[in-house]
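Line order of the protein sequences matches chains B and V.
Residue 44 in the working numbering sits at position 44 of the first sequence, and the numbers go up by one each step.
Residue 100 in the working numbering sits at position 100 of the second sequence, and the numbers go up by one each step.
Yeah, the Cβ is synthetic: ideal placement off N, Cα and C, and Gly gets one too.
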Amino acid sequence: NAGVTQTPKFQVLKTGQSMTLQCAQDMNHNSMYWYRQDPGMGLRLIYYSASEGTTDKGEVPNGYNVSRLNKREFSLRLESAAPSQTSVYFCASSASGASNQPQHFGDGTRLSIL
Amino acid sequence: AQSVAQPEDQVNVAEGNPLTVKCTYSVSGNPYLFWYVQYPNRGLQFLLKYITGDNLVKGSYGFEAEFNKSQTSFHLKKPSALVSDSALYFCAVRDMNTGGFKTIFGAGTRLFVKA
Numbered sequence: 001n002a003g004v005t006q007t008p009k010f011q012v013l014k015t016g017q018s019m020t021l022q023c024a025q026d027m028n029h030n031s032m033y034w035y036r037q038d039p040g041m042g043l044r045l046i047y048y049s050a051s052e053g054t055t056d057k058g059e060v061p062n063g064y065n066v067s068r069l070n071k072r073e074f075s076l077r078l079e080s081a082a083p084s085q086t087s088v089y090f091c092a093s094s095a096s097g098a099s100n101q102p103q104h105f106g107d108g109t110r111l112s113i114l
Numbered sequence: 001a002q003s004v005a006q007p008e009d010q011v012n013v014a015e016g017n018p019l020t021v022k023c024t025y026s027v028s029g030n031p032y033l034f035w036y037v038q039y040p041n042r043g044l045q046f047l048l049k050y051i052t053g054d055n056l057v058k059g060s061y062g063f064e065a066e067f068n069k070s071q072t073s074f075h076l077k078k079p080s081a082l083v084s085d086s087a088l089y090f091c092a093v094r095d096m097n098t099g100g101f102k103t104i105f106g107a108g109t110r111l112f113v114k115a
């Protein structure tokens, strides 16, 4: 019952460093998402992948890149980390982009940029 | 633009009492609405959804939600609160203008249930 697995769980970076957050799902879902969660702001969509081979920008894509490596894996990369990117990052997946399907979330990566 | 509002940052209720967590929405077209719960240091978990049909939707852990089209509301309810219900609750709406891939979340409401 792994569901959506995110690595690492915690990370501290210095400003300007790069890092890739990993996400994998074992539910054979087509669609995958990356969100950031900041206090009082709910979740904001960074990027999503409607299906294998496609990616699209969400609400707050600046400073991030993504790769849909295969159907299971969807990674998020910070090329040059900034303190404003300190946040909790969540990966999610859904069976398809069909609107009636809920999303399944990982337990998050807590990222601090010094 | 589609949006979701959760007017209360925090709701306090005594164990055994009924609870309500409020949500209002603004959408063009038919709303696709969801409630999620988040426990400390965990990801969001799906509770229930409204797509179409009966205005009273039942979900996990004894929760239910009432869809009210005229008031554009989708309030989460439970007849008898448990201490273990204490968590952060998010209302969400699917943005149909982008084919349903984008979900807009409210800011969240923290529920405290006192024993």
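Does residue i come within less than 9 Å of chain B when only Cβ atoms are used?
i	result
Y102 of chain V	The sequence given here has Lys at residue 102 of chain V, not Tyr. It does: the Cβ of K102 of chain V has a partner Cβ on chain B nearer than 9 Å.
G53 of chain V	no
Y25 of chain V	no
N68 of chain V	no
For chain V, is any of its Cβ atoms less than 9 Å away from the one on residue i?
i	result
N100 of chain B	yes
L45 of chain B	yes
G106 of chain B	yes
F90 of chain B	yes
Contact check, residue i vs residue j under 8 Å by CB: the rounded distance?
i	j	result
A81 of chain V	V113 of chain V	5 Å
G59 of chain V	L47 of chain V	5 Å
G58 of chain B	Q85 of chain B	So it is not a contact: roughly 15 Å between Cβ atoms.
G106 of chain V	A5 of chain V	6 Å
L111 of chain B	Q11 of chain B	5 Å
G38 of chain V	F90 of chain V	The residue you asked about is not Gly; residue 38 of chain V is Gln in the sequence shown. Yes, Q38 of chain V and F90 of chain V are in contact; Cβ-Cβ is about 7 Å, under 8 Å.
What is the DSSP secondary structure of residue i, reduced to helix, strand or coil?
i	result
M96 of chain V	helix
Q11 of chain B	strand
Y61 of chain V	helix
V11 of chain V	strand
Q85 of chain B	helix
Whole angstroms are fine: how far does the CA of residue j sit from the CA of residue i?
i	j	result
N65 of chain B	I46 of chain B	9 Å
K71 of chain B	L33 of chain V	27 Å
D95 of chain V	N100 of chain B	12 Å
T55 of chain B	S67 of chain B	8 Å
T24 of chain V	I51 of chain V	15 Å
V57 of chain V	L114 of chain B	45 Å
W34 of chain B	S96 of chain B	15 Å
D107 of chain B	Y36 of chain V	14 Å
S87 of chain B	G40 of chain B	12 Å
P61 of chain B	C91 of chain B	14 Å
V27 of chain V	H29 of chain B	27 Å
(message) For the stretch 70-88 of chain B against the stretch 12-21 of chain B, do three or more pairs of beta-carbon atoms, one drawn from each stretch, fall closer than 8 Å, so that the two count as touching?
(response) Touching, per the Cβ criterion.
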